[in-house]
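K.L.:
In UniProt numbering, the protein residues as written are 1 to 187. For glycine and all other residues, C-beta sits at the position ideal for the given N, C-alpha and C. This structure is a prediction, so every number in the text was calculated from the model and none was measured.
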């Protein structure tokens with residue numbers, strides 16, 4: 001219910017009326033190859049559906065931070081995952097958060113941000129910060145809803161991805177509400 005409430009109160013910041021499915025979370029983490037990750041960032045963890053699987057996959061030595069703009073979700077994340085460094089902030093400041101934790105860059109970024117809700121300027125701003133924060137062999141993963149990815153802002157996001165990443169792959173579509181797939185982007 002808290003997810004629905006937040007979606008109604010903040011429709012531009014919450015891209016769905018329900019948390020992502022376990023199928024989508026599994027698809028995201030399977031394609032992230034987290035077993036040897038050194039620095040992992042989760043953007044927009046919401047209530048922690050991806051977080052749970054990320055924690056199962058990353059090595060104990062990995063630096064893991066989750067950046068969430070919604071204060072209500074930050075409270076949930078901190079209570080449910082006290083070992084996760086949950087930051088109440090914006091992906092716009094990702095590079096600063098990394099530096100504060102002694103990291104120059106990260107090798108994995110998994111995003112639950114509602115890209116199709118963002119205008120082109122915000123998409124470009126956030127993608128530039130993500131790109132700048134990735135190590136040369138870093139990977140950025142995010143998902144899109146089908147068929148929302150064919151709407152104007154979904155198409156704009158796909159164009160913006162091509163602007164920053166030279167290697168972009170899409171996974172199969174999985175059962176979710178609505179159905180979703182993952183973009184796997186390499187520098």
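Would you give the residue range spanned by the beta strand (DSSP E) that residue 183 belongs to?
P.N.:
It spans 180–186 - the beta strand (DSSP E) in which residue 183 sits, taken as one unbroken run.
K.L.:
Give the C-beta separation of residue 63 and residue 103 to the nearest angstrom, bearing in mind that I take them to be a contact with Cβ-Cβ under 8 Å.
P.N.:
6 Å
K.L.:
What are the boundary residues of the beta strand (DSSP E) that residue 136 is part of?
P.N.:
134–145
K.L.:
Could you please give the first and the last residue of the uninterrupted beta strand (DSSP E) stretch that includes residue 58?
P.N.:
Residue 58 -> no beta strand (DSSP E), and no H or E assigned at all.
K.L.:
Throw me the rounded Cβ distance for the residue 126 and residue 91 pair, which I believe falls under 8 Å.
P.N.:
Residue 126 to residue 91, Cβ: 5 Å. Contact.
K.L.:
Let me make sure I understand the geometry here. Which of 151, 166, 100 has the alpha-carbon closest to that of residue 119?
P.N.:
151
K.L.:
Rounded to the nearest angstrom, what separates residue 29 and residue 57 at their Cα positions?
P.N.:
C-alpha separation (whole angstroms): 8 Å.
K.L.:
Considering only their Cβ atoms, is the gap separating residue 183 from residue 161 smaller than 8 Å?
P.N.:
yes
K.L.:
Please look up how many angstroms separate the CB atoms of residue 176 and residue 21, rounded, as I've assumed it's under 8 Å.
P.N.:
4 Å
K.L.:
Is the stretch 41–54 in contact with the stretch 76–85, if contact means three or more CB pairs nearer than 8 Å?
P.N.:
yes
K.L.:
Hey, residue 37 and residue 108: beta-carbon distance below 8 Å or not?
P.N.:
yes
K.L.:
Can you have a look at residue 68 and say buried or exposed, based on whether 16 or more other CB atoms are within 10 angstroms of its CB?
P.N.:
The residue in question, residue 68, is buried, as its Cβ has 16 or more Cβ neighbours within 10 Å.
K.L.:
Taking the beta carbon of residue 136 as the centre, do at least 16 other beta carbons fall within 10 Å, making it buried, or is it exposed?
P.N.:
exposed
K.L.:
Can you round the beta-carbon distance between residue 43 and residue 89 to whole angstroms, since I take them to be within the 8 Å contact cut?
P.N.:
By a beta-carbon distance limit of 8 Å, residue 43 does not contact residue 89. Their separation comes to about 10 Å.
K.L.:
According to DSSP, is residue 128 helix, strand or coil?
P.N.:
For residue 128, the three-state secondary structure derived from DSSP is helix.
K.L.:
DSSP three-state call for residue 95: helix, strand or coil?
P.N.:
helix
K.L.:
Which class does residue 104 belong to by DSSP, given the choice of helix, strand or coil?
P.N.:
coil
K.L.:
Using a threshold of 8 Å, state whether the C-beta atoms of residue 203 and residue 27 are closer than that.
P.N.:
Nothing about residue 203 can be read from this structure; the chain reaches only from 1 to 187.
K.L.:
Per DSSP, residue 170 is paired with what?
P.N.:
183
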